[in-house]
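A short worksheet on the structure shown next.
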Amino acid sequence: MSGPVDLVEVWRGDILESVHQGHAVVCGPDGEVIEAWGDAEAVIFPRSSCKMIQALPLIESGAADAHGLGVAQLALSCASHQGAHIHTDRVQVWLDTLGLSDSDFRCGPQWPGDIPARNEIIRAHAAPYQIHNNCSGKHAGFLTLNRHLGGAADYELLDHPVQQAGKAAFEDVTGETSPGYGIDGCSAPNFATSVHGLARAMSFFATAHDRSDARSKAAVRLRDAMTAFPELVAGETRACTDLMRAMDGRVAIKTGAEAVFVAIIPEKRMGVALKITDGSTRASEAAIAAILVKLGVLDADHPATKARMVPEIRNWRGTLCGHIKPVAALL
36 MSGPVDLVEV WRGDILESVH QGHAVVCGPD GEVIEAWGDA EAVIFPRSSC
86 KMIQALPLIE SGAADAHGLG VAQLALSCAS HQGAHIHTDR VQVWLDTLGL
136 SDSDFRCGPQ WPGDIPARNE IIRAHAAPYQ IHNNCSGKHA GFLTLNRHLG
186 GAADYELLDH PVQQAGKAAF EDVTGETSPG YGIDGCSAPN FATSVHGLAR
236 AMSFFATAHD RSDARSKAAV RLRDAMTAFP ELVAGETRAC TDLMRAMDGR
286 VAIKTGAEAV FVAIIPEKRM GVALKITDGS TRASEAAIAA ILVKLGVLDA
336 DHPATKARMV PEIRNWRGTL CGHIKPVAAL L
């Protein structure tokens, strides 16, 4: 048992100003720890980084195929999107196909992260809907599964068949009995696991093409959907989208609130999970980029890499004041 370790440094001039600590794990094809920083067994909430796990029952149950879901919809089921039209228009069509409306969601309204979409709402003197919630794609998946299972309307409740199916899948691929859960920002339960367990789950996705069982086949479809539509998984200017594009669809990555990040690397048959303990997104983006560079799947000189791994710090006048960088151990 160990504590968090230094992972990302913040320099102002030539003086170290701040340090972000955390835990990170790289798992091999059998779920074994290949490399770790900090405490591999630290218990965390994966938050939105585990959406591809939550979407497994959508495919396994037959609901996705019964309702004719395409690759783009599967990508949205794993997404924390910006609420741009590219996202919400697709989710709206999905709802229409189900014969449902915005009021059937249980995720709550959220202002879009996409500035043009946000400004459009403001100019109309309107308010955001639940479809603008960054998790509306995941919840459209929940609604589809719920329709297939014939469950009650409150699909977000812990004892609902939709969430119980998600919990069973989560505990299976992490290889751990979850020690508890919290309620996520979108109202669904979020089950805790260790950083190792989360990395083990990502290695399950990374090696899923080696197997022919229903869960593995579902994992292949979801990870391939993410890499086929990186712009749907997050959105323009977002790290997930930019870094997946930089890796030409070879790696699926996903962030979660409070500075969690995961990566699925099929060509290496590896899974990665990390957590920055202070919840800093700038640090989780720098750390995941550094690990992907270290593993040889991300080009250190790519502009998207530099923007996340070693970003400059500039003041309001544009003056260069400092920089952020991963610690030497990550490099």
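Residue numbers (my numbering): 36 to 366.
Even glycine gets a Cβ: it sits at the ideal position worked out from N, Cα and C.
Treat the numbers as computed from the prediction; the structure is a model and nothing was measured.
With a threshold of 16 other beta carbon atoms within 10 Å, Pro147 meets it and is buried. Assignment of Ser53 by DSSP, reduced to helix, strand and coil, places it in the strand class. Counting only residues of its own chain and dropping the five nearest sequence neighbours on each side, Trp46 has a CB closer than 6 angstroms to the CB of Gly357, His358. When DSSP states are grouped into helix, strand and coil, Asp245 belongs to the helix group.
Leaving aside the five residues that flank Leu93 on each side, the residues in its chain whose CB is nearer than 7 angstroms to its CB run, in chain order, Ala99, Ser112, Gly176, Thr179, Leu180. Exclusion of the five residues before and after Gly215 leaves Ala227 as the residues of its chain whose Cβ lies within less than 7 angstroms of its Cβ. With contacts defined by Cβ atoms closer than 7 angstroms, Val60 and Ala75 form a contacting pair. In this structure His116 does not touch Leu257 by the C-beta definition: roughly 15 angstroms separates them, more than the 8 angstroms allowed. If you keep only unbroken alpha helix (DSSP H) runs of at least 4 residues inside the stretch 166-191, you get 171-184. In chain order, Thr262 place their CB closer than 6 angstroms to the CB of Gly284, counting only its own chain and leaving out the 5 sequence neighbours on each side. Per DSSP, Cys113 is not a residue of any alpha helix (DSSP H), being assigned neither H nor E.
Lys252 and Ala90 have their C-alpha atoms spaced approximately 12 angstroms apart. Residue burial annotation: Glu44 is buried, with at least 16 other C-beta atoms found within 10 angstroms of its C-beta. The DSSP-derived three-state label of Leu104 is coil. When beta bridges are read from the DSSP output, His58 appears opposite Lys310. Following the DSSP letters along the chain, one finds Leu42 inside the beta strand (DSSP E) bounded by residues 40-47. Leaving aside the five residues that flank Thr132 on each side, none in its chain has a CB nearer than 6 angstroms to its CB. When C-alpha distances from Met279 are compared across Asn169, Asp334, Lys329, the shortest belongs to Asp334. Following the DSSP letters along the chain, one finds Thr290 inside the beta strand (DSSP E) bounded by residues 287-291. In this structure, Val295 keeps its C-beta atom at 7 angstroms or more from the C-beta atom of Ser96. No Cβ-Cβ contact shorter than 7 angstroms links Ile348 with Val230.
Remark: C-beta atoms of Leu233 and Ala162 do not approach each other more closely than 7 angstroms. Its chain contains Ala204, Phe205, Val208, Ala236 as the residues whose beta carbon lies nearer than 7 angstroms to that of Ile88, once the 5 sequence neighbours on both sides are disregarded; these appear in chain order. Distance between Pro151 and Gly143, taken at the CA atoms: about 21 angstroms. Residue state for Val362 is assigned as coil, using DSSP reduced to three classes. DSSP places Pro224 within a strand segment (E or B) once states are collapsed to three. Listed in chain order, the non-local C-beta contacts of Phe140 below 6 angstroms within the same chain comprise Gln165, His174, local neighbours out to five positions each way being set aside.
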